[in-house]
Structure formats: structure tokens, C-alpha cells
Amino acid sequence: MRPLQAGVAVAAVQSVVASGVLSFAAHQRECGRRGLWSAYDEDLVDATYIDLTHTITPDTPVWIGDESPQAFLRATNVSAPGVPFSWATDGFAANAYELHTDQLGTQLDPPAHWNPEYPAIDELPPTFALRPLVVIDVTDKVKKDPGYQLQVADVRAWERTHSTRIPQGAVVFVRSDWSKQWDTTDPAELSEQFPFPGQSLAAVQFLHLNRSILFHGHEPLDADTTPDLETEAWLLRNGYTQAEGLTNLDLVAPVGCLVSMSFPKLRGGLGGYARFVAICPSSWTHGFRIGSTPEAPMLKQPAPLVYDPVQGYRRAQSLSSAVPVAAPTKGSDSLWPTYEKSIRRAKYIDLTHTLTTDTPVWAGFTTPPAQFRQAVDKRTGVAYSWEVDGSACMAYRFETDQFGTQLDPPAHWNPDFAAIDELPPTFAVRPLVVLDVTKKVCKDAGYQLQVADILEWEEAHATRIPPGAVVFVRSDWSKQWGVVNATVLAASFPFPGQSLEAVQFLHLNRSILFHGHEPLDTDTTPTLESEAYIAICPPSTEAGVSIAETPEAPLPKQSKPLKFVPGQGYLRV
416 MRPLQAGVAV
426 AAVQSVVASG
436 VLSFAAHQRE
446 CGRRGLWSAY
456 DEDLVDATYI
466 DLTHTITPDT
476 PVWIGDESPQ
486 AFLRATNVSA
496 PGVPFSWATD
506 GFAANAYELH
516 TDQLGTQLDP
526 PAHWNPEYPA
536 IDELPPTFAL
546 RPLVVIDVTD
556 KVKKDPGYQL
566 QVADVRAWER
576 THSTRIPQGA
586 VVFVRSDWSK
596 QWDTTDPAEL
606 SEQFPFPGQS
616 LAAVQFLHLN
626 RSILFHGHEP
636 LDADTTPDLE
646 TEAWLLRNGY
656 TQAEGLTNLD
666 LVAPVGCLVS
676 MSFPKLRGGL
686 GGYARFVAIC
696 PSSWTHGFRI
706 GSTPEAPMLK
716 QPAPLVYDPV
726 QGYRRAQSLS
736 SAVPVAAPTK
746 GSDSLWPTYE
756 KSIRRAKYID
766 LTHTLTTDTP
776 VWAGFTTPPA
786 QFRQAVDKRT
796 GVAYSWEVDG
806 SACMAYRFET
816 DQFGTQLDPP
826 AHWNPDFAAI
836 DELPPTFAVR
846 PLVVLDVTKK
856 VCKDAGYQLQ
866 VADILEWEEA
876 HATRIPPGAV
886 VFVRSDWSKQ
896 WGVVNATVLA
906 ASFPFPGQSL
916 EAVQFLHLNR
926 SILFHGHEPL
936 DTDTTPTLES
946 EAYIAICPPS
956 TEAGVSIAET
966 PEAPLPKQSK
976 PLKFVPGQGY
986 LRV
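Residue numbers for the sequence shown follow this note's numbering, beginning at 416 and rising by one.
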């Protein structure tokens, strides 16, 4: 999910970003000892990582018809109605959000936004997770014409300049530098600004029909300036996706980078709050490098988070988030050969639950944890609809950010450390280790991972857990999700967890980035002392789907159109 300003956690994200952890899995029995870890070691560990995502705030600019500002609230304790959780009283804090539109900030538009017969955001395949990135620069033309629309000639000129053809299945982002106004121009003024840089229908059709790209993306809030938004309409009504609200494209190499992407799996979602991270080769001089800033543990911030009723959790002062100039290192000038050799044929497995109004949450939070509503056009007071407006949108009320598949930043328990928007983009891609304790959980439902389990894994696979890896603990607890009543599941005790000794061993003796588990809490001690991801696996892995076998651009029509069901959101019924 795209970072929420000073969020203390992030709800269900695919390939966790922020968070973005898009992880490489090594299934040794099926694919050899190193699996995809070799590709990571050779090219990605020294790469530079650049966040292309705006931080969501209450004042984030929105399209002229959408309501603003959004509301950043505090999650409250059901045992003390109206009283928010706090670090001082409860040992932790959590956010609640009122978001009036899903067309907000940096986003990935699924085709269902304009056509209910095509996939919604939760129906996009996991194969979107990591792709070659092309950046086409039209800034010189935008300086002369603020409403310049990308032309086919610009695409061909890029190919001539770089002596290469845009790769099939690539993501193409159009740099206009429009985003440089984001934090300097009044949001209402920015929303109404016209004309703005866009893409001609001919250019977008050329990219899809002649170059077979996955999708394109742009910096402004819309794809084009025609009266009927003909470019956006053609894309989304015909099963294609697009990215909007991008930033920092001026810091990305025009050729040779990859892009990781993540978004929450909101059931029936018509917009995708997204996070995009560019991964550029080691020779590139912009971006964060793994190890250039402390990740586990993270540095304390200069000031603690303090709640502001208008702006949400804020800091009086934060560590700089400016993208650094990175000294180049020896290595390849392009990550595309790595992608072609090791990643294109990989298998992709979604490790993320779909968010619904019935998603289980910890027993102390308000239920249902979310309300799914139709977004309303503030100019008419009427909900957007495909029949009247040509497109539809969602609005959400989240009672907690501890919701579904999530990545907990340290600020959840300590306001002096990083919030979700302060995690570095270097989290985007990591080696993945899966420790299987299912047999022990079958005998003891409350089994807690022990150091011995970690050492047994290393002995069985004749390898040491790599520094900076992500370690997920398999217990199969998640198989109850969607089967057992959400309230019953949330209250179930005991549940599988991790002992403090095991978690300390992973961090202090193996220097992992973080660990993950299936239940809603880390452990079963009274004080919780040790408090959507995509796995990318080698082609020989039995599970998962590959890019080649997955229709993506355009996406296939669904068996039934989406229809709004009050209390449930958009469903295929």
C-alpha cells in the first residue's frame, strides 16, 4: 500500500511495500539450493531503490469531483468506547481512516473503475509484482506546452535514443515533472489545473497493441485532456490498467530499471492505493542502497509522533526522506537481463488476504473493521455510477490499520521510531525464507517458534538464513480464514506464534529484515513481548502462476459484472 502519512501500520498489501516487500522464495526441494537468491545477490542487493509514490495525507489532491479532505483518526478501544489507543496507556497506538475516494494519490486503476465486467483491484493477478521499467521524458515539450500529450513519435524517439525496443510486458512511465507542484501548490488549485500533461489515445494504443506493455503511468490525476477522457476510457473499458499520481521520475534511469508495485486487496475495489518503487542498476547514482540506512533496527526519529486532529499523527521533525545521490558501484548498467534470465519465467504466489467488511481483527478493535461505500460526486451529492458517469469509485471507513495482511512499522508500539510512510524503499525486494512448523502446531495449537526450529531449517537446507532476508513462519492458521466466523477467529486462543528467543535470534544472530506470521498477533504472552506479499519462485515450483500463462493486458472479462451491495461493497452477484 502506498504510504499513509505517519501511519502506525499498513493494511493488506500485495507484495508488501512500504512497505513493499516483494519477496523471492527459495523452495529448495523443488528448485535447487539458491533458487532466485542468486539473482538477488548478483544484481539487486547493490541496486538503488527510488520511491515513486506520494505520501497520502488528509490534504492529498483529488479529482475535482471528489470530496476532500480525508480524515485521519485514531482507532478506539471497544472496551472503552470513544477512547483511542495510546502508547502511554495501552503500549501501542493505531490509526482509523475515512477516505472519501479510492482515486487518491499514487494509484493503480483496475479496469473495473470504468467497466464492471473487468477485474477489480483484488482480482489483478500477482504477476504484476515486478516488471522492467521504461521512463519516457517529455519535460522539454511540457515546458513549451503544459497540456502536451504523449505522441507515438515520442515512443519511437525513445527507442532510437536507447537503441532498444520497449520490452514486452514492461511498465512505461511518462515523466512530465508535473508532480513537482504536489507539495507547493494548493491542493484545490492543483485539482482544478487545466491543461495538464497527458497521453494521446494513439500513443497508448501503440504501446499496448504494438509493444504489448503491461500498463503505462503518468504524474497528473488523469490520463488525458480530451472532453470525454478518451485515452482513459479506451484503456479501462477494454481491460487495461494504468498508474496515476507518480513522482520522482526525474531520478530514475530511462532504461534498465525494474519497478516493484503493491496495492491493498480491497474486495471489489475500483481504485488501487498503490506504492511503486523503481529498482535501478548499481551503476545508477540516485536512490537508496540496501544498508545505506539502518533497517533492522531502524533509527530513532528526532521527535515523537503526536496526534493532530486535522492532520493525524505528525512529527515536529523527521529524518530526511530526500532521495540521496548514490555513489555508483561496479556492476551491470541494466537489470533487464536479470529479469529476462531469472524472473520473467518465475512463478508468482499471492500471500495476501482480500480485505472485506468481515476481515478478522484483534478483539479490541471496532467491528466490522471497515465500511465499503460508493464514492459520491460532491458537485451533485450522488454516487458515481457506470451508467451515468461512465465510471464508479469507492469510499472507505477503516476502524483500524491493524487489518488483514499488514506490515507493522515500529511506530505502532513506539512513537520515536518510523511510521509506515517513513520506511525506506529498500524493503521492496528481499530473499524469502519459509519456516514450516505445521506438524508441531497440529500437536500444540499454541506452539511458539523456537531457536531449534531455525537451526533445523538451516541444517535441512544446508544454508544459513541470508542477512537482510524476510522470514515467514508457516503454521497453516490462515486456512481458517473465510471458514471460521471472523469474531470467533479473532478471539481464538492459543494460536501459533514466535518465542522472544527465536525472534531475537533471527535479528541478532541472522540480521534478518523482518519476520512474518499467519495469526493476528506475534505471540501468546500476556505482554506480546515480540511483536500483501508476493512470493516469486523459480519456474520449477509447482504452486503459483507465471506471466506467460496469465492474461494481463488486456485482462479477461469476469463471469459476472460488479454490483453494489449495501454493507458489503461491490460484489459479483
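All residues carry an ideal CB built from backbone N, CA and C; glycine is no exception.
TODO: Count the C-beta pairs between the region 463-480 and the region 518-527 that are closer than 8 Å, then say yes if the count reaches three, no if not.
DONE: Result yes; three or more Cβ-Cβ pairs closer than 8 Å.
TODO: Starting from K762, follow its DSSP beta bridges and name the residues at the other end.
DONE: Here residue 762 refers to the residue found at position 347 of the sequence shown. According to DSSP, which records beta bridges pairwise, K762 is partnered with C952.
Open item on the list: With a threshold of 7 Å (Cβ to nearest heavy atom), would P642 be considered close to the ligand NAD?
Closed with: This structure lacks the ligand NAD, and indeed carries no ligand of any kind.
Task: Opposing strand residues paired with I551 [DSSP bridges] - done: Indexing the sequence shown from 1 puts residue 551 at position 136. For I551, which the question treats as bridged, DSSP gives the partners V589.
Task: Beta-carbon proximity check, L644 vs D637, cutoff 8 Å - done: Residue mapping note: residue 644 aligns to position 229 of the sequence shown, counting from 1. Residue mapping note: residue 637 aligns to position 222 of the sequence shown, counting from 1. Between L644 and D637, the C-beta gap is smaller than 8 Å, which places the two residues in contact.
Task: Per DSSP, the bridge partner or partners of G480 - done: On the sequence shown, residue 480 is found 65 positions in, with the first residue counted as 1. Per DSSP, none; premise fails for G480.
TODO: Look at the alpha carbon of I962 and the alpha carbon of H623, and state the distance between them as a whole number of angstroms.
DONE: Your numbering for residue 962 matches position 547 in the sequence shown. Your numbering for residue 623 matches position 208 in the sequence shown. Rounded to the nearest angstrom, the two C-alpha atoms are 16 Å apart.
Open item on the list: On the criterion of 16 or more Cβ atoms from any shown chain inside 10 Å, does Q583 qualify as buried, or is it exposed?
Closed with: The count along the sequence shown starts at 1 and reaches residue 583 at position 168. The residue is exposed, with fewer than 16 neighbouring Cβ atoms inside 10 Å.
Open item on the list: Here's the rule I'm using: 16 or more other beta-carbon atoms within 10 Å means buried, otherwise exposed. How should P830 be labelled?
Closed with: One-based indexing of the sequence shown puts residue 830 at position 415. So P830 ends up on the buried side.
Task: Residue from G671, V586, A572 with nearest C-alpha to D458 - done: On the sequence shown, residue 458 is found 43 positions in, with the first residue counted as 1. It is G671.
Open item on the list: So for P541, helix, strand or coil by DSSP?
Closed with: Along the sequence shown, read from residue 1 onward, the residue named residue 541 stands at position 126. Here P541 sits in helix by DSSP.
Open item on the list: Give me, in chain order, the residues of the same chain whose beta-carbon lies closer than 8 Å to that of Q973; leave out the 5 immediate sequence neighbours on both sides.
Closed with: Reading the sequence shown from its first residue, position 558 is the one you call residue 973. Within the same chain, Q973 has close Cβ partners E532, Y533, P534, E538, R987.
Open item on the list: Using only CA atoms, which one of C808, S736, P971, L928 lies nearest to H469?
Closed with: To locate residue 469, count along the sequence shown from 1; it is residue 54. Considering only alpha carbons, the answer is S736.
Open item on the list: Considering only their Cβ atoms, is the gap separating T554 from S591 smaller than 8 Å?
Closed with: The residue labelled residue 591 in the question sits at position 176 within the sequence shown. The residue labelled residue 554 in the question sits at position 139 within the sequence shown. It is a contact, given that the beta carbons lie within the stated cut-off.
- [ ] Tell me whether H577 sits in a helix, a strand or coil according to DSSP, three-state version.
- [x] For the purposes of this step, residue 577 is identified with residue 162 of the sequence shown, where counting begins at 1. Note: H577 maps to helix in three-state DSSP.
TODO: Classify D831 as helix, strand or coil using the three-state DSSP reduction.
DONE: In the sequence shown, the residue the question calls residue 831 occupies position 416. D831: coil per DSSP, three-state reduction.
Open item on the list: Using DSSP's beta-bridge definition, name the partner residues of S677.
Closed with: Position 262 of the sequence shown, counted from the start, is the residue given in the question as residue 677. Paired residues: R690.
Open item on the list: Taking 8 Å as the threshold (C-beta atoms), are V960 and Y688 in contact?
Closed with: In the sequence shown, counting from the first residue as 1, residue 688 sits at position 273. In the sequence shown, counting from the first residue as 1, residue 960 sits at position 545. Result no, Cβ atoms of Y688 and V960 do not sit closer than 8 Å.
Task: Backbone CA spacing between I471 and D816 [nearest angstrom] - done: Here the question's residue 471 lines up with position 56 in the sequence shown. Here the question's residue 816 lines up with position 401 in the sequence shown. For I471 and D816, the distance between alpha carbons rounds to 14 Å.
- [ ] Pick out the complete alpha helix (DSSP H) segments inside the region 906-930, 4 residues or longer, and give them in chain order.
- [x] 915-919
Task: Whole-angstrom distance between A958 and W699, CA atom to CA atom - done: To locate residue 699, count along the sequence shown from 1; it is residue 284. To locate residue 958, count along the sequence shown from 1; it is residue 543. Each residue's Cα considered, the two are about 35 Å apart.
TODO: Could you name the residues of the same chain whose beta carbon sits closer than 7 Å to that of K556, not counting the 5 residues immediately before and after it, in chain order?
DONE: Walking along the sequence shown from the start, residue 556 turns up at place 141. These residues qualify, in order along the chain: Y563.
Task: Cross-strand partners of G984 (DSSP beta bridge) - done: In the sequence shown, counting from the first residue as 1, residue 984 sits at position 569. BP columns for G984 point to V980.
- [ ] Please list, in chain order, all residues of the same chain as R682 whose beta carbon is under 7 Å from its beta carbon, the five residues on each side excluded.
- [x] Working through the sequence shown from its first residue, we reach residue 682 at position 267. Cβ neighbours of R682 beyond the five flanking positions: D537, T769, L770, T771, G984.
TODO: For the beta strand (DSSP E) containing H623, list its first residue and its last residue.
DONE: Counting from 1 along the sequence shown, the entry for residue 623 is found at position 208. First-last for H623: 616-624, but that is the alpha helix (DSSP H), not the beta strand (DSSP E).
Task: With 16 other Cβ atoms within 10 Å as the buried cut-off, status of Q657 - done: Along the sequence shown, one-based indexing puts residue 657 at 242. Taking all protein chains in view, the Cβ of Q657 is crowded by 16 or more other Cβ atoms within 10 Å, so the residue is classified as buried.
- [ ] Kindly provide the ranges of any beta strand (DSSP E) runs that are 3 or more residues long and lie completely inside the region 808-876, ordered along the chain.
- [x] 809-813, 844-851
Open item on the list: Can you check which of these residues, G684, G702, R812, A508, is closest to V692 by C-alpha distance?
Closed with: Residue mapping note: residue 692 aligns to position 277 of the sequence shown, counting from 1. The residue with the shortest Cα to Cα distance from V692 is G702.
Task: Whether L616 touches T646 by CB criterion (8 Å) - done: The residue given as residue 616 occupies position 201 in the sequence shown. The residue given as residue 646 occupies position 231 in the sequence shown. Yes, the Cβ-Cβ distance between L616 and T646 is below 8 Å.
Open item on the list: Please classify F787 as buried or exposed, where buried requires at least 16 neighbouring CB atoms within 10 angstroms.
Closed with: Here the question's residue 787 lines up with position 372 in the sequence shown. Buried, since its Cβ has 16 or more Cβ neighbours within 10 Å.
Open item on the list: Please give the ranges of any alpha helix (DSSP H) in the region 479-532, keeping only runs that are unbroken, at least 4 residues long and fully inside the region.
Closed with: 502-505
Task: Nearest-angstrom Cα separation, counted from Q919 out to R879 - done: In the sequence shown, residue 879 corresponds to position 464, counting from 1. In the sequence shown, residue 919 corresponds to position 504, counting from 1. Each residue's Cα considered, the two are about 16 Å apart.
TODO: Would you kindly report the start and end of the unbroken alpha helix (DSSP H) that includes T656?
DONE: As a first step, residue 656 must be located in the sequence shown, where it is residue number 241. Run containing T656: none in the alpha helix (DSSP H); it sits in the beta strand (DSSP E), 656-659.
- [ ] Label A906 either buried or exposed according to how many other C-beta atoms from any shown protein chain fall within 10 Å of its C-beta, with 16 as the threshold for buried.
- [x] By one-based count along the sequence shown, residue 906 stands at place 491. The residue is exposed, with fewer than 16 neighbouring Cβ atoms inside 10 Å.
- [ ] Label S438 either buried or exposed according to how many other C-beta atoms from any shown protein chain fall within 10 Å of its C-beta, with 16 as the threshold for buried.
- [x] Start at 1 with the first residue of the sequence shown, and residue 438 comes out as number 23. Its pLDDT being 44, under 50, S438 is placed unreliably in this model, and the value from its coordinates should be taken loosely. Buried, since its Cβ has 16 or more Cβ neighbours within 10 Å.
Open item on the list: With three or more C-beta pairs closer than 8 Å as the rule, is the region 486-504 touching the region 774-794?
Closed with: yes
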